[in-house]
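Student:
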Amino acid sequence: MADKKDTGFQSGAGLIRYFDEEEINGPSIHPIVVIAIAIVLAIVVELFKVFWPIHA
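Under this note's numbering, read the sequence shown as residues 189 to 244, first letter to last.
1. In three-state DSSP terms, what is ILE227?
2. Within the same chain, show all residues whose beta-carbon is closer than 6 angstroms to that of ILE225, passing over the 5 residues directly before and after it, in chain order.
3. At the 8 angstroms Cβ level, is VAL221 part of the contact set with chain C, yes or no?
4. Could you check what DSSP says for ILE220 in three-state terms: helix, strand or coil?
Written as structure tokens, this is what we have:
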């Protein structure tokens, strides 16, 4: 009788293969820069709401 090999989950095999071959060629942005941009954008939006209010 043939021995069964433990090959893991077959449904996850494609994901494992995908993440093993993931390329990192894009631009790298430091997380602090992303947070700073979000804060500045939030401040700009709030200033627009103060100086250019929309009256419905």
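From the three backbone atoms N, C-alpha and C, an ideal C-beta is built for every residue, glycine too.
Tutor: So, from the listed chains and residues:
1. helix
2. none
3. Structure shown: chain C not included; a single protein chain is present.
4. helix
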